[in-house]
Amino acid sequence: MIKLAVNLSMIFTEVPLIERFALAQAQGFKHVEIQFPYELSIEQIQSQLTMHDLTLCLINVPAGDLMQGGNGLAGVPGMELEFHRGLEQAIQYATALNVPSVNILAGKQPLDSDLLPCLNTLSSNLKLACHMLSDHHLQPVFEMINSTDMPRFLVQNIAQAQEMLEAVQHPALKMQYDCYHMAMMGEDVLEALKENIHDIGHIQFADCPGRHEPDSAQIHFAEIFQWLNQSAYSGYIAAEYRPQAHSSHSFAWKDKYFAKHPQS
1 MIKLAVNLSM
11 IFTEVPLIER
21 FALAQAQGFK
31 HVEIQFPYEL
41 SIEQIQSQLT
51 MHDLTLCLIN
61 VPAGDLMQGG
71 NGLAGVPGME
81 LEFHRGLEQA
91 IQYATALNVP
101 SVNILAGKQP
111 LDSDLLPCLN
121 TLSSNLKLAC
131 HMLSDHHLQP
141 VFEMINSTDM
151 PRFLVQNIAQ
161 AQEMLEAVQH
171 PALKMQYDCY
181 HMAMMGEDVL
191 EALKENIHDI
201 GHIQFADCPG
211 RHEPDSAQIH
221 FAEIFQWLNQ
231 SAYSGYIAAE
241 YRPQAHSSHS
251 FAWKDKYFAK
261 HPQS
């Protein structure tokens with residue numbers, strides 16, 4: 001059964017974050033994800049989730065300066081303490097809010113650092129994250145981000161993600177698969193999903209190029225959603241796109257692809 005979610009960090013941005021929960025409910029969503037929820041208190045988020053009968057299915061570990069153009073934390077040598085502190089904060093939020101999955105952003109290779117020490121740092125931090133998150137029954141995932149939008153990101157494609165899974169060697173760790181990022185990297189989105197679905201713990205989607213809603217560009221979402229609905233995948237499928245116009249006008253895909261399929 002499809003577990004469809006909407007990303008409150010990229011959609012409904014016409015209003016402050018605390019007002020987006022109501023808009024998600026109004027569009028018929030039962031699940032939401034937030035990249036970095038830390039601008040709101042746990043109590044504020046819990047109140048909104050309860051009021052609007054929503055579950056929060058994914059948050060990110062704090063990533064330092066990554067979203068402001070910096071290198072981030074998880075794969076940056078010398079930033080291990082800051083990553084550990086961010087991980088503890090993510091666990092505090094996830095456990096209090098019953099969030100099943102926590103995403104770790106690898107970060108970027110600093111211009112003055114060699115690649116191997118960065119990958120070793122990332123591997124060590126992912127091992128730590130797996131240990132700490134698993135202790136709280138939380139699913140650790142890590143994301144591939146395309147090299148055009150974020151040059152020097154440490155995990156850019158499926159092959160690199162597979163190598164990192166092999167390096168970490170922890171059964172709890174899964175990929176977070178974003179259809180947009182993989183299309184930007186030239187991957188066949190559907191074939192990559194089919195080949196790697198057992199290593200995928202969370203799926204996000206936006207069309208490519210443009211990163212707008214489905215059917216605004218070139219990805220064949222009809223085939224992707226049909227296959228996912230028939231597959232054994234049991235995780236969440238989350239809309240994470242930048243609406244072309246007003247957010248409320250960007251959901252034609254929801255009725256088109258999901259109205260006939262039951263959603264939990």
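Counting from 1, position 176 in the sequence shown corresponds to residue 176 in UniProt numbering; the numbering is continuous, with no gaps. Where is the CB? At the ideal position from N, CA and C, for every residue including glycine.
Taking 8 Å as the cut-off, the beta carbon of L105 is found no closer than this to the beta carbon of M164. In the DSSP assignment, the residues bridged to I104 are F142. In the three-state scheme derived from DSSP, where H, G and I count as helix and E and B as strand, Y233 is classed as coil. Annotated three-state conformation of G86 is helix, per DSSP. Contact between A24 and L8 is confirmed by a C-beta separation of about 7 Å, below the 8 Å threshold.
If you ignore the 5 residues before and after M10, its C-beta comes within less than 7 Å of the C-beta of E240, Y241, R242, all in its own chain and listed in chain order.
The beta carbons of V6 and A238 sit closer together than 8 Å. D112 and N146 have their C-alpha atoms some 21 Å from each other.
In the DSSP annotation of this structure, H137 is not part of any beta strand (DSSP E), being labelled neither H nor E. For H220, there is no enclosing alpha helix (DSSP H), as DSSP marks it with neither H nor E.
Going by DSSP, F205 is part of no alpha helix (DSSP H) but of the beta strand (DSSP E) stretching over 200 to 205. For L190, the uninterrupted alpha helix (DSSP H) run begins and ends at 189 to 196, by DSSP. Around the beta carbon of P16, fewer than 16 other beta carbons sit within 10 angstroms, so the residue counts as exposed.
Beta-bridge pairing by DSSP links V155 to no other residue.
One alpha carbon belongs to M1, the other to G28, and they sit about 16 Å apart. Boundaries of the beta strand (DSSP E) around I59: 55 to 60. Residue pairing by DSSP places Q176 opposite E143, H202 in a beta bridge. Within the same chain, Cβ atoms closer than 6 Å to the Cβ of L126 are found at V168, the five residues on either side in sequence being excluded. The three-state reading of DSSP puts H181 in helix, counting H, G and I together. Measuring C-alpha to C-alpha distances from C179 to each of K108, K194, E80, H170 identifies K194 as the nearest. Between the alpha carbons of H52 and L116 lies a distance of about 46 Å.
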